[in-house]
Amino acid sequence: MTFKVACFYFAFIAEFLKVSSCLKSSLKFEVLADWGGIPFFPYKTFVELSVGREMATLASNLGIDAILALGDNFYLNGVKNINDIRFKGTFETAFNYESLQVPWLVVAGNHDYYGNVSAQIAYTKKSNRWFFPDFYYMKNFKIPYSNMTVDVVMIDTVLLCGQTDPTEPYEQPLLDSVPKRTREKQWKWLEETLKSSKANYLLVCGHYPVYSISTHGPTKCLVKQLQPLLMKYNVSAYFSGHDHSLQHIQVQDGVQKIDYFVSGAASFIDPSKKNMKEIPPDSLLFHWGDPFSLGAFTYVDLNMSNMTVSFVLSNGKVLYASSKRPRYF
1 MTFKVACFYF
11 AFIAEFLKVS
21 SCLKSSLKFE
31 VLADWGGIPF
41 FPYKTFVELS
51 VGREMATLAS
61 NLGIDAILAL
71 GDNFYLNGVK
81 NINDIRFKGT
91 FETAFNYESL
101 QVPWLVVAGN
111 HDYYGNVSAQ
121 IAYTKKSNRW
131 FFPDFYYMKN
141 FKIPYSNMTV
151 DVVMIDTVLL
161 CGQTDPTEPY
171 EQPLLDSVPK
181 RTREKQWKWL
191 EETLKSSKAN
201 YLLVCGHYPV
211 YSISTHGPTK
221 CLVKQLQPLL
231 MKYNVSAYFS
241 GHDHSLQHIQ
251 VQDGVQKIDY
261 FVSGAASFID
271 PSKKNMKEIP
281 PDSLLFHWGD
291 PFSLGAFTYV
301 DLNMSNMTVS
311 FVLSNGKVLY
321 ASSKRPRYF
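No gaps in the numbering here: position 129 of the sequence shown is 129 in full-length UniProt numbering, and each next residue is one more.
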């Protein structure tokens, strides 16, 4: 009898430990930008497929709650309408793994604006996971088994800073290509959103980078107007794409510092460092842009103690990781 009780006890403990190990104690995102395939059959690149496969593997092993897709979702000229073959060819079939059937929080990039961004927004009603409710928006998440929260603020940097000139794609966005009233409306919304956030982690995401050492370089409009807001409201990090590389740039102004993460290596990779001298001295913490690789993406883990941002190659190798403490009020 004693033997049976002991066996039952140890079986119970083993099952308890098994269940406990499955309990999620953190919120997890995958981040990618500039992932938008090609405008002809098969509508996807080998790099994109490789990145998607490793995203699925990581999601299956560690779990994810959402994917942040930060623009240039459909190269080279966006989509035409809600029934465009690109939704299936570049998105649905390229990322059709079970572990990636989570909400995809989407914003537009400059290449999306060569097409119909409103159709991408409308696709939200057609897809079970594509979440693009408006040109810019905020979504709140809760860290499991805690009272801590995460605010993810998705901004439209094209509507803030202008569209790029297709004949000079590596120059600064053309500010006057967007009506002043449209720009001011989003700036006002953004400041009000950041000011009102009491989240323990406050993430802002857009397509254009604030700072970048690569081909496009810093976005002057964002350096001038966005960075002061990120500093003022103690934003945890800003995630972007546009340049086809991985970068971590940390800028400090007095006691305030902001972390900039560029994650634009999901379909094409650019090794350029041509704008190295255009960022603040000693601010570059990491850069990667191997054109012979099969791409990379970003994995973000947020728990009660810290936020860890990892750059992951499509072969599963973690290139770099950085941690940051939560905000407290």
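Positions of the beta carbon are idealized from the N, C-alpha and C atoms, including for glycine.
Annotation: the segment 35-91 contains the following complete segments of the beta strand (DSSP E) (minimum length 3 residues), in chain order: 66-70. Taking the CA atoms as reference points, Phe132 sits about 15 Å from Glu92. Per DSSP, the beta-bridge partners of Met154 are Tyr137, Cys205. Secondary structure at Glu171: coil, using DSSP grouped into helix, strand and coil. Between Gly217 and Glu168, the C-beta gap is not smaller than 8 Å, which leaves the two residues out of contact. Relative to Ser323, the option among Asn315, Thr308, Phe29 whose CA is nearest is Thr308.
In this structure, the beta-carbon distance from Leu194 to Leu202 falls below 8 Å.
When DSSP states are grouped into helix, strand and coil, Gln250 belongs to the strand group. Leaving aside the five residues that flank Ser60 on each side, the residues in its chain whose CB is nearer than 7 Å to its CB run, in chain order, Ser99. Of all C-beta pairs linking the segment 118-131 to the segment 282-289, fewer than three are shorter than 8 Å, placing the two stretches out of contact. Taking 8 Å as the upper bound for CB-CB distance, Gln163 and Pro173 are in contact here, some 6 Å apart. Restricting attention to Tyr114, Cys161, Pro326, the CA atom closest to the CA of Val235 is found in Pro326. Here the C-alpha atom of Gly78 lies approximately 9 Å from the C-alpha atom of Gly36. Rounded to whole angstroms, the separation of the alpha carbons of Cys205 and Leu70 is 7 Å.
Cβ neighbours of Phe46 within its own chain (closer than 8 Å, five residues either side excluded): Leu294. Under the three-state reduction of DSSP, Tyr97 is assigned to coil, being neither helix nor strand.
Within the DSSP bridge table, the entry for Glu30 names Ile67, Tyr299 as partners. Between the alpha carbons of Asp134 and Tyr260 lies a distance of about 24 Å. The segment 243-255 makes contact with the segment 288-307, as at least three CB pairs between them are under 8 Å. Rounded to the nearest whole angstrom, the C-alpha separation of Leu229 and Val117 is 26 Å.
In the DSSP secondary-structure assignment, Val223 is not bridged to any residue.
With a threshold of 16 other beta carbon atoms within 10 Å, Gln227 meets it and is buried. Residues Tyr97, Ser314 of the same chain have their beta carbon placed closer than 8 Å to that of Arg53, with the five preceding and five following residues left out of the count. Ser197 and Pro42 have their C-alpha atoms roughly 42 Å apart.
Here the C-alpha atom of Phe141 lies approximately 14 Å from the C-alpha atom of Val102. Lys28 counts as buried, since no fewer than 16 other beta carbons sit within 10 angstroms of its beta carbon. Bounds of the alpha helix (DSSP H) holding Ser196 are 180-196. Restricting attention to Ala94, Leu190, Val152, the CA atom closest to the CA of Ile38 is found in Ala94. The secondary-structure analysis by DSSP pairs Ile258 across a beta bridge with Val251. Here DSSP, grouped into helix, strand and coil, assigns Asp282 to coil.
Inclusion of Ser26 and Asn200 in the CB contact set at 8 Å is not warranted, their separation being larger than that value. With respect to Leu105, Lys139 sits close: the two C-beta atoms are nearer than 8 Å.
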